[in-house]
Structure formats: C-alpha cells, structure tokens
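Asks:
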Amino acid sequence: MINQTHTILKNTFGYDNFRPLQEEIINRTIEGKDSFVLMPTGGGKSMCFQIPALIFDGITIVVSPLISLMKDQVQALKSNGIKADFFNSSISAEEENNVITKAINGDLQLLYLSPEKLISVSNTWLKQLNIKLVAIDEAHCVSMWGHDFRPEYTQLKIFRNSLPNVPFMALTATADKSARKDIEAQLGLKKSKLFISSFDRKNLSIEVRGQVQKRKKLQEIANFIERRKNESGIIYCLSRKNTEEVASYLKQEGHSVAFYHAGMDNEERENTQTDFINDETKIIVATIAFGMGIDKSNVRFVIHYNLPKNLEGYYQEIGRAGRDGLPSETVLYFNMRDFVLYSQFADQGANVVMQKEKLSRMLQFAEAKSCRRKILLSYFGEHLSENCGNCDVCENPPKGFDGTILSQKALSGIVRMGEKDGITMLINVLRGSNNADIHEKNYATLKTYGVGKDVSFFDWRDYVIQMANQGLIEIMYAESSALKITSIGWQVLKGDKKIRLTTPVAPADKKKIQKTI
Ligand code: ADP
Ligand code: ZN
C-alpha cells in the first residue's frame, strides 16, 4: 500500500515526498475511516482524497461550494491522466447527461459536485454509483459557528447517513475548536481523527498600523509599494468603491494596479485575475471576493486597507502571501470607524452575538500588545511557547509587568466556576459583585470570590483578553463564550510559567491618543 501511494504521488502528480500528515490521512482513508483535515490554504489538502480516489476501484465524490474553481481543478486532474469531472449549475443539460453516463458506467474516478447539486441528485442516479469515498471540501460552511455558513451544507448529513460504510473526509483551512466539534456533528463523522497541520507561516511578517488618516494611509501604501518595485501584492478593502479609489490613486502614482470586486462582470474579473497571475498586473486592490483558490506563489505582500471582520478571514487573506516560503510582508490598517460600521452590519445579520464577539476578537488582535502570531495561532488552537520575533510587537515590545499572580487569580476563578462561564461572570466573581446571577449559582461561596476587588472591571477585561491572546485561555464561542484553560494556562496556574501583562489604556486616554494621531 505504502509503495502504491508513493508511486502515485511520484508518477501521477510528480512529487517526491508527502507533506506532513498527507500520508497518514491517505492510509487511514484507505482503511475506510473518517478524517477531519485542518490544514492552511495551500497546505495540500486535495492530495489527501485524490490519491485514495485513484486507489479505490469506485468513484470518489468531492463536495465543494466553489463552483468557479471546480473546472480548473478538474482540468488539472485530467491533464495528469485522471478520470475526473464536475457537476454544477454552470454546465449545460447535454454536458450533464454526459457526466451522468460516465459516472454510471464507472468511467470516473473523481466527481466534483456543488452541495446543491449533490442534494438534488442524491436520490436519483447518484444511488447507482459505486461510491468509495466522500470528501467535503470547505467543510466549515456546514457550521453556524464558522464564518461562511451555507444552509445547503446542513443537508449533507442525510447523504452521510445513506452511506454509513463509506469513509468521509471533512477538509477546511479554517475552524476553531467550537466550529470543529460542530462540523463533526453536522456531518455525522464517525470516530473521525483530527489531522491538524501547523498554521504557522513563519515567512510572513505581521504588522498592524492603527488610526491612520485616509490621506496618510494612501501615501504610506504608495511608499510601501515604491520600495518594493515589481513585486506582487494584494490590497484588501472593505467596499467596492474603496477598491476603485485606492487603485486609481496608486495608478496615478505610476504603479501597475488593477481593482477587483464582485460588481464586475465575469469576463472583466477573469481577465484581471489572469493578468495578476501572469505578473502583467503587479498589484490587485480587491474586496475579499478575490483570492479564493488563486494559486499564485510569489505574492510578496498583503495589505488590509480596512479591518477584517474576523480572524479567520484575516488569516486566510494574509495566507495568500508567500506561498513559496520566501519572506513576505503583511500590514493591517485599522481604525475604530471600520469596527463601528461592522458592528452595525452585524446587527442586521444572523448570529449577531457570535459575529460581534468574533469582531471584537479581531479588534483585540489589532490593539494587542503581545506577540501577534501567538494570538493568531492560539485562536486556531495552536499554542506557541515562544514569541515569534517576526511581528511589530516582537520588534517593539512594550514594557509590561509580571502579571503571574493576577493571571493565577483569574485562572483559578475559571477552574472553580467549572469552565462554564464567560468573561463578565468571571470578572463579577473576581470583583465580589453582588448580583442575582452570582447568588443563584452559589459563586459567592467560592474561594476566588472577591480576590480581585482592587482591579476595575475595565482593567480585568483587558487582562483576561491579554491572557486569551497569550494562549492561557480559550474563548469557546459555540458554548456561550465560556472560558477554558489551555495547557499553557495550567502551567501558569501551577506556577511553572510566568506571564507578563501590560497596563490597560483607559477608553478616555484612547480617545486622546486618537486625536493626537
Ligand atoms: P489546499 O487545498 O490545502 O489549499 P492544494 O491541495 O491546492 O492545497 O495544494 C497546494 C499546492 O501544493 C498544489 O499546487 C499542490 O499540487 C501542491 N502539493 C500538494 N501536495 C504536495 C506534495 N506532497 N509535494 C509537493 N507539492 C504538493
Ligand atoms: Zn511576534
């Protein structure tokens, strides 16, 4: 078996070695077991189901919401001599029939389907196929706790239940702990094993610039590009209008720029994308519609002109830089205006509470005074023990003070409250508040009740967030934002590790700072 997978890797795909985890996932799948694959974009997820698909003597179904990418993926497989096809709303009735015939005759090794199509045909010809594996790509779309929920995905469980003995593989580049649990449940995965490859992209530098006026921001960006002549980059903006404005400014300054957003017609968008991939246009100013599935390895920088809505999106977007592993830069501009605007958007959408929490986590990241990579990775459940040395905070560390005892107070509060409560309840207990909830839960009898009286509510909040940012605790969004202690948190609690905190800046002072900038 091992030989066979290696032979396929080499002969069909032309690669000498597996990337971390690929081989383990492939072997487990061939044994007929379910897997959950969490790998960053570009990590090599596709190989995990493509190789088993070639080994099985039946068909592999791949569910993906990215219709625009299916064609390219299938084309690439075909050019490697693999019998693959796709089935989505973009193909004609004749093509549909053609695909169905091939599938039924056993002439396909891989069939890519959109979730809508899969649901609509799952009770007809799909039943006749000899399905050996099902891969659910972009699996985070099944979860309300993810950032890209798609209702069609929720029906996949019915499909899963109709194939109880077929291995299922869920793949995604973005899911925090709560989302992961939810995805497993929603897809009905059975004893699935989680494969999580490191999300750390050491070659990306991380920088945040706060509260910069528009004019200055544009100048800074123009200078930034000027110093990186002939390098490729992406600038993400919030609105379509912004992309056009920024692109036109940069063009005036003599740079090779184009804009991209969902308001353009298909042809325009495709041309813009192709020019960028072929290095005819160096810089794209785009909304987040740009980048899904673009496999360009030499993007040297990603700039966020506005604050992203959540850390998942942000990490995915900066992840488009430096896929070739060479040093690349990322710069995030944020101002409170974006934050306020998004809060208003969130009010109109679904899952208001969660969206707002994710948004405030984004803001906390932007305002943080500890290693930014640590914050990002701990958000995805990966806890670095050392600071990264490649972010603006590491380069200019704030002074801070020994916050070990303060942190221990909070951590022991969380333990005694059973890791069930959120930040507000924790602080009320630490400060010995006298409210009905506390008495109802009998928290006034806890040893930690009132041990943090001398610290204001505002300061506690800041410290607890710093603790989350440094990976001592995790905020479980799918469990009413309950606080849970990580292994690093336990080390601090037991006195095996010290932690540094910085003094919070009061809101009034923040306003002053903003005015002076
Ligand atoms: P993902 O789906 O995780 O974003 P892909 O499956 O598209 O990533 O893979 C990203 C790139 O890495 C592709 O160009 C793919 O051919 C390449 N790749 C995958 N596995 C290997 C490997 N073992 N060795 C070298 N390149 C690989
Ligand atoms: Zn750092």
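In terms of full-length UniProt numbering, the sequence shown opens at residue 1 and continues consecutively. The beta-carbon is built from N, C-alpha and C at its ideal position, and this holds for glycine as well. Note that the structure is predicted; figures quoted are calculated from it, not measured.
Between which residues of its own chain and Lys-190 is the CB-CB distance below 6 Å, once the five residues before and five after are set aside?
Replies: Correct list, in chain order: Asp-34.
Asks: Is it the case that the Cβ atoms of Leu-118 and Phe-159 are separated by a distance below 8 Å?
Replies: Yes, the Cβ-Cβ distance between Leu-118 and Phe-159 is below 8 Å.
Asks: Does the stretch 273-280 come close enough to the stretch 210-223 to have 3 or more Cβ pairs within less than 8 Å?
Replies: As far as the Cβ criterion goes, the stretch 273-280 does not touch the stretch 210-223, which means the pair count is below three.
Asks: Please name the residue, chosen from Leu-156, Val-134 and Lys-127, that lies closest to Cys-141 on a Cα-to-Cα basis.
Replies: Minimum Cα distance to Cys-141 is reached at Leu-156.
Asks: Can you tell me which residues form a DSSP beta bridge with His-304?
Replies: According to DSSP, His-304 bridges with Tyr-236 and Leu-332.
Asks: Is the separation between the beta-carbon of Asp-182 and that of Ser-143 shorter than 8 Å?
Replies: Against a cut-off of 8 Å, the Cβ pair of Ser-143 and Asp-182 comes out as a contact.
Asks: Rounded to whole angstroms, how far is the Cβ of residue 531 from the Cβ of Tyr-379, which I believe are closer than 8 Å?
Replies: Because residue 531 is not part of the residues shown, which for the chain are 1 to 517, the question remains open.
Asks: Does the beta-carbon distance from Gly-489 to Leu-411 come in below 8 Å?
Replies: The answer is yes: Cβ separation under 8 Å.
Asks: Is it true that the CB of Ile-131 sits closer than 8 Å to the CB of Ile-59?
Replies: Cβ distance < 8 Å, so Ile-59 and Ile-131 count as in contact.
Asks: Excluding five sequence neighbours on each side, which residues of the same chain lie with their C-beta closer than 6 Å to the C-beta of Asp-462?
Replies: Cβ neighbours of Asp-462 beyond the five flanking positions: Pro-504.
Asks: Which residues bound the alpha helix (DSSP H) around Gly-489?
Replies: It spans 487-493 - the alpha helix (DSSP H) in which Gly-489 sits, taken as one unbroken run.
Asks: Less than 8 Å between the beta carbons of residue 527 and Asp-148, yes or no?
Replies: The requested residue 527 is not part of the displayed model; the chain covers only 1 to 517.
Asks: How many Å lie between Gly-269 and Ile-438 at the Cα?
Replies: Here the sequence assigns Arg to residue 269, which means Gly is not the residue at that position. Approximately 56 Å, taken between the alpha carbons.
Asks: Short check: CB of Val-285 to CB of Thr-243, under 8 Å?
Replies: It is a contact, given that the beta carbons lie within the stated cut-off.
Asks: Can you tell me whether Asp-347 is helix, strand or coil according to DSSP?
Replies: Of the three classes helix, strand and coil, the one that applies to Asp-347 here is helix, per DSSP.
Asks: Following a CB-centred definition, is Phe-18 positioned closer than 7 Å to any heavy atom of the ligand ADP?
Replies: Answer for Phe-18: yes, Cβ within range of the ligand ADP.
Asks: Kindly give me the distance between the Cβ atoms of Cys-48 and Val-37, rounded to whole angstroms, as I take these residues to be in contact under 8 Å.
Replies: The Cβ separation is near 6 Å, so the contact holds.
Asks: Would you report the Cα separation of Leu-483 and Ala-436, rounded to the nearest angstrom?
Replies: Approximately 21 Å, taken between the alpha carbons.
Asks: Any contact of the stretch 11-25 with the stretch 97-108, i.e. 3+ C-beta pairs under 8 Å?
Replies: Contact fails: fewer than three Cβ-Cβ distances are below 8 Å.
Asks: Under 8 Å, with one C-beta from each stretch per pair, do the stretch 385-400 and the stretch 409-423 reach the 3-pair mark?
Replies: Contact between the stretch 385-400 and the stretch 409-423 is absent, because fewer than three Cβ pairs lie under 8 Å.
Asks: State yes or no: is the C-beta of Ala-185 within less than 8 Å of the C-beta of Trp-145?
Replies: Not closer than 8 Å, so no.
Asks: From Phe-86, Gly-422, Gln-491 and Ser-433, pick the residue whose C-alpha is nearest to that of Ser-385; which is it?
Replies: Ser-385 has its Cα closest to that of Gln-491, out of Phe-86, Gly-422, Gln-491 and Ser-433.
Asks: Measuring only from the beta carbon, is Val-331 closer than 7 Å to any heavy atom that is part of the ligand ZN?
Replies: No, the beta carbon of Val-331 sits no closer than 7 Å to any heavy atom of the ligand ZN.
Asks: Helix, strand or coil for Thr-516, going by three-state DSSP, please let me know.
Replies: Note that Thr-516 scores 37 on pLDDT, short of 50, meaning its location in the model is unreliable and no value can be drawn from it.
Asks: Rounding to the nearest angstrom, what Cα-Cα distance links Ser-198 and Phe-301 in this structure?
Replies: Going by the C-alpha atoms only, they are around 21 Å apart.
Asks: Locate the beta strand (DSSP E) running through Leu-377, then write down its first and last residues.
Replies: Careful: Leu-377 lies outside any beta strand (DSSP E), inside the alpha helix (DSSP H) at 372-379.
Asks: Using a beta-carbon distance below 8 Å, is Thr-41 in contact with chain D?
Replies: Annotation note: the requested chain D is absent from the structure, which comprises a single protein chain.
Asks: Indicate, with yes or no, if the ligand ADP has a heavy atom lying under 7 Å from the CB of Met-39.
Replies: Checking the Cβ of Met-39 against the ligand ADP gives yes.
Asks: Please report the straight-line C-alpha distance between Met-169 and Leu-54, rounded to a whole angstrom.
Replies: Computed Cα separation, rounded: 15 Å.
Asks: According to the Cβ coordinates, are Lys-282 and Asn-230 closer than 8 Å?
Replies: Yes, these two residues count as a Cβ contact at 8 Å.
Asks: Enumerate in chain order the residues of its own chain whose CB-to-CB distance from Ala-346 is below 6 Å, with the five nearest sequence positions on each side excluded.
Replies: Here the set comprises Val-352, Gln-355 and Lys-356.
Asks: Tell me whether Ala-173 sits in a helix, a strand or coil according to DSSP, three-state version.
Replies: Ala-173: coil per DSSP, three-state reduction.
Asks: Can you tell me the Cα-Cα spacing of Phe-259 and Val-299, whole angstroms?
Replies: So the two alpha carbons sit approximately 16 Å from each other.
Asks: Which of the three DSSP states is assigned to Phe-13 in this structure?
Replies: In this structure, Phe-13 counts as coil in the three-state DSSP scheme.
Asks: Can you list, in chain order, the residues of its chain whose CB lies under 7 Å from that of Tyr-26, leaving out five sequence neighbours each side?
Replies: First, the residue type needs correcting, since residue 26 is Ile and not Tyr in the sequence shown. Excluding positions up to five away in sequence, the list reads Thr-5, Cys-48, Ile-51 and Pro-52.
Asks: Return the CA-CA distance between Phe-457 and Val-464, expressed in angstroms with no decimal places.
Replies: Phe-457 and Val-464: Cα-Cα distance of roughly 11 Å.
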